[in-house]
Amino acid sequence: MKSLLAAGLGPGVAACLLLFMGAGVEPPLAKVASLDDVIHANNRGAAQMEQYKHAQAMEEFRKVTEGAPGWAPGFVNLGLAALYSRETAAAKEAFLEAIRLDPKLPQGHYGLGLVLKNEGKTAEAIVALEKARALDPEDADILYNLGLLHARQREFDPAISSLKRARQLDPNSMSIRYQLARALLQSGKRTEGDREMAVYQKLSANPKFAVPTGNQYGEAGRDALVITDYAALGGPKAEARPIVIRFSDATRASGVTFRHGGPGGEPGRPRASGDGGPGARAARYGSGLSVGDLDGDGKPDLVFANASADGRARPALYRNKGDLTFEDVTQASGVVFEGLGMAAVLGDFDNDGDADLYLTRQGGGALFENDGKGHFADITRKAGASIKGFALGASWADVDHDGDLDLFVSRLPAPGSQTPVSPILLLNRGDGGFKPAAAEMKFAGPPGGTVGSVFADFDADRDLDAVVSSAGGQDTLLENRREEGWVARGRGVGLASRGAGRGVAAGDVDGDGLADLVFAAGADAPLRLYLNGGHLTFTSQEIPKPKGASLFGAVLFDADNDGDLDLFVAGSELLLYLNDGEGRFKDASDEAGLRQIPVKDGRGAAAADLDGDGDLDLIVTENGGPPILLRNEGGNRNRWLEVAPHGLNSNKDGIGTKIEALAGPTWQRREVQAGAGYLSQSPPTAHFGLGGRSLADVVRLLWPGGVLQAEMDVPAGQRVDETELDRKGSSCPLLFAWNGNKYGFVTDFLGVGGLGLWTAPGVYGTPQPEEYVKVEPSQLAPRDGAYVIQVLENLEEVTYLDETKLLALDHPKDIDVYPLGAFGGKERQPYRVLAVEKGARLFPSRATDHHNREVTDRILTIDRTYPDDFRLDRRAGFAEMHHLTLEFPDAVTRLRRPVLFLYGWVDFEYSSSNYAAYQAGVRLTAPVLEMEDTDERVFRPVLDPMGFPPGLPRMISVDLSGLAPLSSRRLRLRTNMRLFWDQIFIAEPLAEAPMAESVKVSEIKANGAHLHRRGFPREHSPDGREPKIYDYGILDNTQPFKVTTGDYTRFGRVTDLLTRTDDRFVIFGKGEEVTLEFPAQGLPKLPKGWTRSFLLYANGYCKDMDPHTAYPETVEPLPFHGMSAYPYPDGEAYPDDTEHREYRKTWNTRRLEGR
């Protein structure tokens, strides 16, 4: 046999293939390809999968399999790309080749099982998944799919067994809970099934604890993710220059003159004479620091907490001037705070784009709001952020996953006291205030108190957990169990039963993707590393330290930019430990020059690039002494990249974001934190050392809100600001019509029939399933003898379409026709057509917004310009309260049957934004129509609510005849919805007799309806303005949306289901389309000067997958027209007569699983 190198492989690929030779598998000959090319192509493919560009990813993975044809993971990756590109044959072929090359790779069997499952080959899929389970028995997704498939075969015992084990591994998965409940109920175990279904319903109703599921990439489990772990498969180690780094003391030249007011010495010792008294004993614990951008100039500034025995110490703030020099801005900052100060932590709690400040002390803490320029105001009492007790460390984190930062504060008993204390959790209400929530969310710590905390996803289950450092009690991991609260775990996960009460840091030190821990220690205890072995198990290892060294601050950071996390600890000494890339640390303190730098009572420590030169510098606080600023000399000889996340729907700081960088074979992960170590905080950015590589192949971000995004080929040597993508998941079905040249976009519709919209606890919106949609004459033309309309579901929801028909309205060209009504009005108007002479329209002579700015020109013509100078709330669909004042000609007061016509659109709220608003005490105010009281010159409500357009642009009409004659020509529209008006006028519609002469109505029933898959029309803006519209001719095959689990209508002709309103729905989901054909023959010939408009009548419902919507994960329970509400109460049920049972059995045969 030829040697591997002779076969054209680089040495790294050869090393990969040696693995397979060791397994007794002979690799085929390879084409000439360098290892670097193979890795680069694989990294690019991984990024494209996360951008949902699966077809492009296939091309990259083909390069991988051609360059390394003996590397089984390359074929797994190709199979995944083909699977999500819906190229089933190619996916199966790739997975089979991966299995041939390495039968012990579970991803190959799992991928094959998913393909067979999608093909409906249930028995074969079970065989493949059983092989995957044998190789990876603790994977909840494999077990879930096995249970689902056994249930499909009505093999309920193995189904229930698999699903129960999956539930043990992932108790917060709604999909597992739902399928288990379903299997139990189908097997006759009704009591247990009802109990499980109740748990599912509780999970699905609470967005704070929702687990994203679905069949898109990234949602099918860990064994359905692209493999990029080259080291584990025999690839070479990362390239990094062997450099020597040194840290120099830059304090004197920095301009930082702050000196801590403490007495020095070790804290926590028993009370003794001459120890300075209670104040001195408390002060010895302090103090820490925080590093962050106070004034928005992009440079890391410094905040030093302070403590003194007399309780009069004040913190200090320093502005970074560049090149590691600082200016004292304490007095100008407005931060007025004194006492036994302990910690400082920065976080944008109000999501306004700047860093706010929280300071702790004995007796409580204080919250300071930043104005964006580094000026602060004390809002502690106003925000409900007052606390009591001896407060030490603090951390910001979004513990309830609602898009804003909550505050966790550690506390100790006051020095000399034995009274048990617990940590404090302040839950952000979203309105600028907080509420205590530790008891509600079961946050607890050891009774002896805690010193500090660090947040990370320690069990890799997509939510934040916390670890707290105990002072003499059990160091504790608080596991986030979502709806069950937070469960305290200590000795059982391997943590110390008697904590040192020092700093704790978290980060992935061994490159396995899991956050490990380092606990600093006192003079008589070892410095400990806890390696995370998965499933919440930690293995303790001692890190050698000098005898008698007492350590407080701990920081994990990449000191030499070689791609792994090194360790710095501070206390009675300054110690640097360099990582060998495998999680083994070597003391490099002497070589780094740290032993020559004097330190006495070091406390807090943080790492940041203070001088902007690409390597991380260090800051250390001293009790009773000045801080120490340590300049990194030489770390930037290796290349680097810094990523700063900026949340959109997640919190603005991106706290909790998992950021990964792939640079050749090097894979690194960071989690953005706000508060760690000892009473301190480093900046909320992710710093990556790239060794000798000039770029990162991929930078990947998984945001707290679940959004996954990736950037490719990011050059080294820069700070990258990454803003969270806005991936809108729910709206309404889209309407396209054949206009003679193409299918043009008309609008969305059926938003009136939205199901399960959460509006308040236990209260859901009332669906209105009927809608008439105006289609202009230019938008619809016959094609092959029929008017053809496409109804397409483009987003993350399910549509239930019951009846459609087309109304042709023939009328003179100088008349416009519209349906009467507006969604959400005070009273639902009966259907009728309004005809308006164009010359009779009365437009406002003047319009002003709530800033009293003239906006008349924006509402006279339909041109996509609107009065839109109002502030948008961070909650989707909400804005500040705003109004539009309209002054009409005097003629409107003489109209007997006035109707207000408004053309516009609404950016809808979601269930989750309603929930967040409820937490903040904010109520959505639908448009209120007000009229000026001419005597008192004030506006008074006359229609509350008035109604609004149910989605994208369309005309609504509001009947004002009950107010005629109008007592004023001045009207006002007031709301806090995101409403955008394009055209407004008042007119008097034609009376009944002239209407009958001028408008001829013909009803057309559909003679053809076909359900099929279409894809996703490309969203775009033709003029750079909102709203975006859709191009039917440009399709994306996939989108990053989940699938609602349930029984969908079979593909094919569905005409019989749409001829009448009978609760026999055409049920379809994302990327699917119903083509409607209405015969054009038999319509009357248009008289000269006439035109033909249309109204599409649609009756149906839609339901999105917002976690707070009722039953968001499942197609059922099916709606029906006789229900009093959705969800409907006990005693109501979908019809169970012969007709409807036969409908469900015959038509709804296409089962789709959401995971």
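If you count by my numbering, then the sequence shown holds residues 22 to 1176, one letter each, in order.
Beta carbons: idealized from backbone N, C-alpha and C, even for Gly.
Bear in mind the structure is a predicted one, so any value in this text is a computation, not a measurement.
Proximity below 7 Å, CB of residue i to CB of residue j
i, j, result
"G898", "S934", "yes"
"R335", "E348", "no"
"K409", "G385", "yes"
"L413", "Q383", "no"
"N449", "D427", "yes"
For residue i, the three-state DSSP class (helix, strand or coil)
i, result
"D928", "strand"
"L246", "coil"
"A304", "helix"
"D533", "coil"
"M902", "strand"
"A758", "strand"
"E1093", "strand"
"G355", "coil"
"D57", "helix"
"H1161", "helix"
"D831", "strand"
"R107", "coil"
"A947", "coil"
"A253", "At A253, the pLDDT of 44 sits below 50, so the modelled position is not reliable; the number obtained from the coordinates is stated separately. Residue state, collapsed to three classes: coil."
"R1171", "strand"
"F347", "strand"
"A406", "coil"
"R512", "helix"
Pairwise C-alpha distance: residue j and residue i
i, j, result
"N653", "Q617", "15 Å"
"Q128", "G522", "43 Å"
"G712", "A626", "25 Å"
"G774", "G141", "33 Å"
"K621", "R305", "12 Å"
"A172", "D1052", "41 Å"
"E87", "A110", "19 Å"
"G726", "D835", "51 Å"
"A274", "F573", "26 Å"
"D421", "D870", "37 Å"
"P288", "I640", "21 Å"
"A44", "N63", "With a pLDDT of 37 at A44, under the threshold of 50, the modelled position of this residue cannot be trusted; read the value that follows with caution. The straight-line gap from Cα to Cα measures roughly 23 Å."
"E108", "G470", "57 Å"
"N997", "Y887", "16 Å"
"V21", "D452", "Since the first residue of the chain shown is 22 and the last is 1176, residue 21 is not available in this structure."
"M79", "P90", "15 Å"
Proximity test, Cβ basis, 7 Å: residue i and chain C
i, result
"L367", "Among the chains in the structure shown there is no chain C, since it carries only a single protein chain."
Residue i CB to nearest heavy atom of the ligand MG below 6 Å
i, result
"Q237", "As far as ligands go, the structure on display features none, and thus does not contain the ligand MG."
6 Å Cβ shell around residue i - same chain, five flanking residues per side excluded
i, result
"D734", "L716"
"Y1155", "L1139 and F1141"
"A271", "L345, L650 and R652"
"Q495", "P467, G511 and S518"
"V1179", "Because the chain spans 22 through 1176 in this model, residue 1179 falls outside it and cannot be assessed."
Cut-off 8 Å between Cβ atoms - residues of its own chain near residue i, not counting five sequence neighbours on either side
i, result
"R1162", "none"
"D1071", "A small correction: the amino acid at residue 1071 is Arg; Asp does not occupy that position in the sequence shown. Same-chain partners within the cutoff: L1032, W1168, N1169, T1170 and R1171."
Residues near residue i by beta carbon distance below 7 Å, same chain, minus five either side
i, result
"F1", "Within the shown structure, residues of the chain are numbered from 22 to 1176, placing residue 1 beyond reach of any answer."
"G214", "A202, L205 and L206"
* Evaluate contact between the region 813-824 and the region 1156-1169, counting only Cβ atoms and requiring at least three cross-stretch pairs below 8 Å. => Under the 8 Å Cβ criterion, the region 813-824 does not count as touching the region 1156-1169, having fewer than three qualifying pairs.
* Asked: Should the region 918-934 be called in touch with the region 986-1003, which here means at least 3 C-beta pairs below 8 Å?
  -> Short answer: they touch.
* Given 8 Å as the limit, is there contact between the region 1021-1036 and the region 942-960, that is, 3 or more CB pairs closer than that? -> Verdict: no, contact absent.
* Flag this pair as touching only if the region 781-798 and the region 1142-1153 have three or more C-beta atom pairs under 8 Å; answer yes or no. => The region 781-798 is in contact with the region 1142-1153.
* Asked: Do three or more CB pairs link the region 873-883 to the region 852-862 at distances below 8 Å?
  -> Look at the beta carbons and you see the region 873-883 not touching the region 852-862: under three pairs across the two are nearer than 8 Å.
* Counting Cβ pairs closer than 8 Å, one from the region 311-330 and one from the region 352-372, do we hit at least three? -> Verdict: yes, contact present.
* Asked: When the Cβ atoms of the region 1035-1052 are set against those of the region 790-801, are three or more pairs found closer than 8 Å?
  -> Cβ pair count under 8 Å is below three, so no.
* Asked: Any contact of the region 800-807 with the region 843-859, i.e. 3+ C-beta pairs under 8 Å?
  -> As far as the Cβ criterion goes, the region 800-807 does not touch the region 843-859, which means the pair count is below three.
* Asked: For the 8 Å Cβ check, are there 3 or more pairs between the region 157-164 and the region 188-204?
  -> By the Cβ criterion, the region 157-164 is in contact with the region 188-204, since at least three pairs of Cβ atoms, one from each stretch, lie closer than 8 Å.
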